[in-house]
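A quick write-up on the structure given underneath.
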Amino acid sequence: MQYVTLGKTGITVNKNGFGALPIQRISFDEAAAVLRRAYDGGVRYFDTARFYTDSEAKIAYALGDVRSDIYIATKSMATAVADFKEQLETSLKELGTDYVDVMQFHNLPFCPVPGHESGLYEAMLEAKEKGKVRHIGITTHKIDLAREAIESGLYETLQYPFSYLAAPEEVELVKMCRERNMGFICMKGMAGGLIRSGRASYAYISQFDNALPIWGVQKMEEIEEFLSCNTEDFEQGMTPEIEEIIAADKKELGGDFCRSCGYCMPCPMGISIKDCARMGLMLRRAPIEAYTTEAWKDEMRKIENCIECGQCKARCPYGLDIPRLLKENLEGYKPYF
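Heads up: the sequence shown is residues 3 to 339, going by the numbering used here.
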């Protein structure tokens with residue numbers, strides 16, 4: 003079984019982390035079953051966020067009796083001190099705990115540092131001094147902000163989208179964290195659902211001994227797949243078969259594509275951007291019948307109402323030209339109307 007240490011935090015866990023965003027979509031009992039199976043399978047790192055509605059409460063419901071045996075990471079998107087403090091207190095209450103192992107600034111448009119007008123870093127330090135936060139981390143989708151956080155030396159962990167579709171400069175982030183003894187946490191290891199092989203994704207990330215993947219799961223079969231990867235029976239590393247899978251995906255998915263992170267939402271015209279902007283990819287990688295229902299046709303027709311206000315483009319952490327992507331996907335979808 004593989005383990006990973008998150009840099010200077012000293013946190014050492016099974017090289018399978020649990021991303022709790024998807025469990026918002028299922029019931030408390032369904033979430034508890036998946037969370038408990040993950041725990042029984044050796045998972046000890048659970049990632050959530052105040053933004054993930056009832057995700058924190060579901061973790062408490064499922065794992066409250068083993069709190070001392072797990073590590074919980076949560077996040078705040080607050081840009082003002084008062085809001086940050088309120089969200090931290092709410093998270094502690096929802097999680098049923100008096101401390102968070104890793105507290106992270108959640109995809110902010112800037113990197114909090116001492117002396118910044120927001121006062122956020124000082125508020126985080128105060129929370130740590132009071133014992134409410136044990137380690138300070140940051141999450142971002144922007145490579146420049148990630149570099150700034152690493153080079154600042156102020157953070158113990160960086161959480162960043164990372165998969166075998168990563169660009170060379172993103173691979174460099176992992177190496178930078180290793181050199182600075184900073185934990186690197188991989189979100190979107192399946193590229194927002196575009197990667198279909200959990201085994202290939204796990205094998206790729208297993209090459210980086212300082213990287214902890216957190217898999218967003220909501221189904222029992224999903225957690226079972228990742229648990230099966232971190233066993234003695236699983237051939238660790240890049241086999242010829244896995245290399246072929248990765249090469250094929252890179253060829254198909256390389257370049258600009260929507261990761262379905264949802265930060266572009268909401269759209270003033272009601273367009274489900276995170277779905278419609280990558281419809282062409284989904285039609286190639288999933289049963290066509292699933293995306294050609296009348297409901298999906300109605301969603302795709304909404305693209306015709308795009309006023310190109312630019313709000314989505316400004317919010318996109320990947321700098322994608324979303325109005326262009328929407329139009330391209332609508333054009334490719336027209337044969338299904």
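All C-beta atoms, glycine included, are put in the ideal place defined by N, C-alpha and C. Only a predicted model underlies this, so the values are computations on that prediction, with no experimental measurement involved.
Does DSSP put residue i in a helix, in a strand, or in coil?
i, result
"residue 214", "strand"
"residue 92", "helix"
"residue 276", "helix"
"residue 163", "strand"
"residue 313", "helix"
"residue 16", "strand"
"residue 149", "helix"
"residue 2", "No information on residue 2 is available, as it lies outside the stretch 3 to 339 that the chain covers here."
"residue 86", "helix"
"residue 98", "coil"
Would you call the CB atoms of residue i and residue j closer than 7 Å?
i, j, result
"residue 322", "residue 258", "yes"
"residue 232", "residue 79", "no"
"residue 139", "residue 157", "yes"
"residue 93", "residue 81", "no"
"residue 18", "residue 339", "no"
"residue 328", "residue 279", "yes"
"residue 23", "residue 64", "no"
"residue 136", "residue 85", "no"
"residue 25", "residue 33", "yes"
"residue 99", "residue 69", "yes"
"residue 266", "residue 308", "no"
"residue 175", "residue 283", "no"
"residue 106", "residue 50", "no"
"residue 324", "residue 314", "yes"
"residue 199", "residue 247", "yes"
"residue 30", "residue 60", "yes"
Just confirm the distance between the C-beta atoms of residue i and residue j, as a whole number of angstroms; I'd bet it's less than 8 Å.
i, j, result
"residue 164", "residue 171", "Rounded, the Cβ-Cβ distance is 12 Å, inconsistent with contact."
"residue 186", "residue 160", "6 Å"
"residue 58", "residue 97", "5 Å"
"residue 261", "residue 213", "Not quite, the Cβ-Cβ distance comes to about 18 Å (not below 8 Å), so this is no contact."
"residue 116", "residue 128", "Actually they do not touch by this definition, with Cβ atoms about 12 Å apart."
"residue 152", "residue 182", "6 Å"
"residue 39", "residue 225", "6 Å"
"residue 15", "residue 73", "6 Å"
"residue 118", "residue 320", "The Cβ separation is near 25 Å, so there is no contact."
"residue 216", "residue 12", "The Cβ separation is near 18 Å, so there is no contact."
Mind checking if residue i is an interface residue toward chain C, Cβ cutoff 7 Å exclusive?
i, result
"residue 67", "Among the chains in the structure shown there is no chain C, since it carries only a single protein chain."
Q) On the three-pair Cβ rule with 8 Å, is the region 239-250 touching the region 261-278? A) Cβ pair count under 8 Å is below three, so no.
Q. Are the region 110-129 and the region 37-54 in contact at 8 Å, needing three or more beta carbon pairs?
A. no
(Q) Quick check on the DSSP output: what are the complete beta strand (DSSP E) runs of length 3 or more inside the region 222-287, in order along the chain? (A) Qualifying beta strand (DSSP E) stretches: none in this window.
Q | Continuous alpha helix (DSSP H) assignments of at least 4 residues falling wholly in the region 18-82 | A | 30-42, 57-65
Q. Given 8 Å as the limit, is there contact between the region 203-212 and the region 282-299, that is, 3 or more CB pairs closer than that?
A. No, because fewer than three Cβ pairs between the region 203-212 and the region 282-299 fall closer than 8 Å, the two stretches do not touch.
Q) What runs of the alpha helix (DSSP H), each 4 residues or longer, lie entirely inside the region 118-145? A) 122-131
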